[in-house]
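Chains as they are written, first to last, in our numbering: chain V, 7 to 239; chain H, 215 to 916.
Below, the structure is given as structure tokens:
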């Protein structure tokens with residue numbers, strides 16, 4: 007029913023190039039990259055620093071626009087969308103997990119998770135509460151609902167971030183180096199949790215990492231180097 | 215549904231959480247707090263002063279509007295006692311009265327003429343000698359009653375007492391200057407008057423002796439005085455009905471149809487009261503109202519010193535019997551062995567904070583009844599002299615019926631120094647001749663064979679033909695008789711006790727008129743109506759509001775308000791700049807947070823609202839605290855009252871203390887300003903914040 011070429015693809019990237027301008031110097035970040043991500047995948051984008059992982063994720067996450075090429079997210083050509091529509095797309099279709107957790111410091115755990123639902127304005131108070139508490143239960147933080155982010159450990163914060171990313175039931179969750187700021191044990195737990203969510207919620211997960219151990223958890227791996235895809239497995 | 219409230223809730227939650235998260239916010243809050251505090255207190259005070267002052271002006275002589283001739287050279291000013299505006303005459307008030315009566319909103323039109331005259335009266339010696347002369351006249355005319363004879367004896371010894379005081383005074387001058395400052399002739403006269411021979415021969419030829427005393431001695435006393443009297447000539451009955459703040463203090467109002475004068479209580483106290491008593495009153499009030507002390511205040515010390523050194527005012531007034539009586543009382547009161555009254559009084563008036571009230575009471579209980587506390591009393595006649603428009607001096611004997619004051623303005627020299635006079639007497643003093651009078655004058659001139667002589671014809675008229683001079687000579691004796699008759703006629707027509715009618719009042723000149731309105735809110739419309747009527751009926755009027763008519767005083771409140779608003783404006787401009795900077799800094803510090811929100815799906819508008827809400831909330835929270843503190847302060851002042859430290863403030867406060875009430879308008883206005891200022895100052899940083907890219911969220915920690 008969707009019109010893009012691969013009907014199972016939730017993300018379809020076709021021949022994109024992204025250049026950054028540093029003064030007069032053009033720094034190429036991505037070179038003619040094409041990628042199809044089918045719905046429900048648990049995919050890792052791997053590569054050394056500066057290989058273009060974050061850029062690729064930014065393009066998929068609709069927070070950045072490609073210099074050329076086509077990015078289709080859930081059947082929407084992002085080039086044709088206004089800034090407002092892109093924001094809406096992010097709000098309803100994409101969840102974000104950040105390397106530095108990026109929780110809103112003045113809100114408590116419950117409020118942080120609830121925040122995207124408030125922006126969505128579709129659910130009533132009761133439904134929001136049920137959904138938030140359910141997710142907090144799933145990430146194991148139901149006892150910490152009223153804590154402020156500063157009162158939590160790094161692993162706990164990232165769990166809150168995962169709950170926040172999933173609370174709107176997005177089709178895609180993007181995670182940029184989700185374990186980079188965590189010790190390996192906690193990092194493993196976080197990946198476990200993401201995998202669990204992928205299984206239970208059938209949410210597509212796309213995460214970047216340069217940690218081989220984390221990478222090994224992925225169902226498929228896209229290897230980037232110097233802004234080009236080296237290998238897809 | 216409740217979607218918007220949800221978003222609002224999260225906005226407020228974020229904003230409120232951020233409120234106290236930075237120290238900078240507390241500083242900004244402090245500035246806003248101080249700004250609103252001053253604004254609320256200041257504007258409440260000024261609003262109250264404004265109403266109090268407008269009450270003062272409107273309720274005393276201003277009325278809501280003043281009309282005057284459009285031929286006038288100056289705009290009308292009511293309280294410039296030293297420089298009267300040059301107003302042209304409105305020839306017939308009745309036309310103005312009838313014309314303006316057609317305007318619906320006008321309650322009454324009170325005719326007025328403001329002028330200044332001077333009043334001269336004799337010194338204490340003159341008064342005593344006058345009384346002595348009266349008693350002696352009575353004796354000559356057959357009053358040999360014991361009472362009268364005793365009175366003569368008492369007055370005679372009073373005169374001798376005065377002579378002694380004068381002599382002592384001269385001796386003092388002599389020792390101080392050690393030279394002949396004292397006129398030797400005066401000294402000889404004084405010695406003669408004091409001699410036993412003089413008094414031994416007094417009863418044989420009292421009139422000549424009196425004349426000597428009156429001519430030679432009374433003039434040696436320098437306490438004769440001239441008082442300037444500002445007055446409003448008006449329809450006294452209408453005036454009292456129209457100006458509700460006027461009240462009679464001593465005596466009575468001028469009865470209907472009578473000429474007369476009501477002296478302002480302020481002037482009565484300042485100019486006509488025995489100086490010593492007036493100074494005591496001043497000290498009494500300063501100690502009671504303003505909380506000053508003699509020990510610390512140099513002005514009060516000066517007053518005490520003057521009272522100590524100027525006891526002569528009182529000693530002069532006492533005959534030997536009263537003198538001795540008072541000396542005995544003072545000796546007892548002061549526990550002193552001194553016998554000389556002057557020294558006893560000097561001692562008595564050396565008051566301190568500790569004994570002042572007791573001595574003040576003693577003064578009014580024991581000393582005041584023995585002396586004439588005021589130089590004129592209700593019922594006395596006062597000779598008023600004024601320079602007419604034509605430059606000659608016009609004098610009038612007017613009965614003083616009483617004193618009056620404007621409620622709330624008792625202590626204000628600005629509004630309180632104006633006395634009230636009937637309009638007809640004003641016209642006489644103003645030197646305006648009505649057509650009738652002009653005809654009468656011409657009649658007198660004709661009778662006296664005075665004719666107007668052209669300047670170039672003077673010579674020929676005076677020295678031209680023998681025939682004219684000769685004729686004139688023939689009639690000279692008769693001329694004198696005619697002149698005397700004419701003179702008495704004019705005097706009759708100016709006799710102050712002659713009655714006047716409403717017709718006399720209404721038909722004649724006025725300089726201006728106060729207009730009182732039924733609905734003061736319609737003042738602008740009424741002004742237009744008056745001008746239209748004036749044009750239609752050719753009344754030739756100009757109109758001023760009471761503010762304009764009050765001159766500089768009326769402007770004062772505006773100046774004060776301008777100053778306050780400027781100060782508040784500066785505070786808020788400073789606040790604006792600081793808030794702007796602070797919000798900018800806060801925004802830059804929160805780029806990651808804002809980027810995250812944007813990435814998660816917050817629209818730009820949400821970010822804009824968030825930053826604005828934060829700033830406005832900051833303003834509202836601290837502004838409210840400032841407003842509440844300001845309101846409490848005004849409330850506290852309203853209970854305690856702000857003392858009017860000087861006469862000016864007395865006028866502005868319309869009373870001895872201002873009890874400010876909170877102006878609700880200023881509360882709303884202060885909150886409005888706060889919201890405005892904080893919104894404006896946060897607007898730019900908020901717009902910057904909306905430009906934060908969601909990419910910022912992706913940046914790894916440095």
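Cβ coordinates follow ideal geometry from the N, Cα and C atoms, glycine included.
From the options, pick the residue whose C-alpha is nearest to that of residue i; which is it?
i              : options                        : result
residue 62(V)  : 29(V), 182(V), 174(V)          : 182(V)
residue 111(V) : 733(H), 230(H), 500(H), 570(H) : 230(H)
residue 793(H) : 762(H), 833(H), 587(H)         : 833(H)
residue 635(H) : 739(H), 888(H), 618(H), 886(H) : 618(H)
residue 637(H) : 340(H), 551(H), 325(H), 848(H) : 325(H)
residue 193(V) : 209(V), 203(V), 165(V), 178(V) : 165(V)
residue 838(H) : 889(H), 791(H), 870(H)         : 889(H)
residue 237(V) : 52(V), 85(V), 68(V)            : 52(V)
By the three-class DSSP mapping on this structure, what secondary structure does residue i have?
i              : result
residue 873(H) : coil
residue 15(V)  : strand
residue 326(H) : strand
residue 263(H) : helix
residue 636(H) : strand
residue 151(V) : coil
residue 625(H) : coil
residue 606(H) : coil
residue 182(V) : strand
residue 236(V) : strand
residue 284(H) : coil
Residues of chain H with CB closer than 8 Å to the CB of residue i, please, in chain order.
i              : result
residue 64(V)  : 909, 912
residue 122(V) : 814, 815
residue 117(V) : 224, 227
residue 23(V)  : Result: empty, since nearest Cβ-Cβ is about 17 Å, beyond 8 Å.
residue 96(V)  : 813, 814, 815, 908
Using a Cβ-Cβ cut-off of 6 Å (strictly less than) and excluding sequence neighbours within five positions of residue i, which residues of its own chain qualify?
i              : result
residue 234(H) : none
residue 598(H) : 331, 333, 610, 612
residue 462(H) : 616, 618
residue 302(H) : 283, 285, 286
Please compile the residues from chain V whose C-beta is within a distance smaller than 8 Å of the C-beta of residue i.
i              : result
residue 806(H) : 106, 108
residue 232(H) : 112
residue 820(H) : 125
residue 235(H) : 112
Residues in its own chain within less than 7 Å of residue i by CB, not counting five upstream and five downstream?
i              : result
residue 29(V)  : none
residue 601(H) : 607
residue 46(V)  : 208, 210
residue 201(V) : 48, 223
residue 255(H) : 844, 847, 848
residue 620(H) : 273, 274, 459, 460, 629, 630
residue 80(V)  : 16, 99, 177
Confirm the yes/no value for this check: CB of residue i, any heavy atom of the ligand GDP, distance under 7 Å.
i              : result
residue 357(H) : Absence of the ligand GDP from the depicted structure is noted, as is the absence of any ligand whatsoever, leaving it without description.
Below 7 Å on C-beta distance, what does residue i contact in chain V?
i              : result
residue 877(H) : Under the 7 Å cutoff, chain V gives no residues; its nearest Cβ is about 38 Å from residue 877(H).
residue 221(H) : 124, 127
Excluding the five sequence neighbours on either side, which residues of its own chain have a C-beta within less than 8 Å of the C-beta of residue i, listed in chain order?
i              : result
residue 835(H) : 233, 243
residue 235(V) : 39, 40, 41, 228, 229
residue 369(H) : 342, 345, 346, 349, 533
residue 292(H) : 271, 275, 276, 280, 328, 763, 764, 765
residue 543(H) : 580
Compute the distance between the beta-carbons of residue i and residue j, then report whether it is under 8 Å.
i              : j              : result
residue 640(H) : residue 270(H) : no
residue 537(H) : residue 493(H) : no
residue 624(H) : residue 616(H) : no
residue 880(H) : residue 257(H) : yes
residue 867(H) : residue 266(H) : yes
residue 452(H) : residue 468(H) : no
In chain H, which residues lie less than 9 Å from residue i when you measure between Cβ atoms?
i              : result
residue 175(V) : What residue 175(V) touches in chain H: nothing, since even the nearest Cβ is about 13 Å away.
residue 156(V) : What residue 156(V) touches in chain H: nothing, since even the nearest Cβ is about 12 Å away.
Please list the partners that residue i has in chain V, where partner means a Cβ-to-Cβ separation under 9 Å.
i              : result
residue 810(H) : 102, 104, 108, 109, 110
Can you pull the chain H residues whose beta carbon is under 7 Å from the beta carbon of residue i, in chain order?
i              : result
residue 182(V) : 912
Return no unless some Cβ of chain A is closer than 8 Å to the Cβ of residue i.
i             : result
residue 90(V) : No chain A appears in this structure, whose protein chains are V and H.
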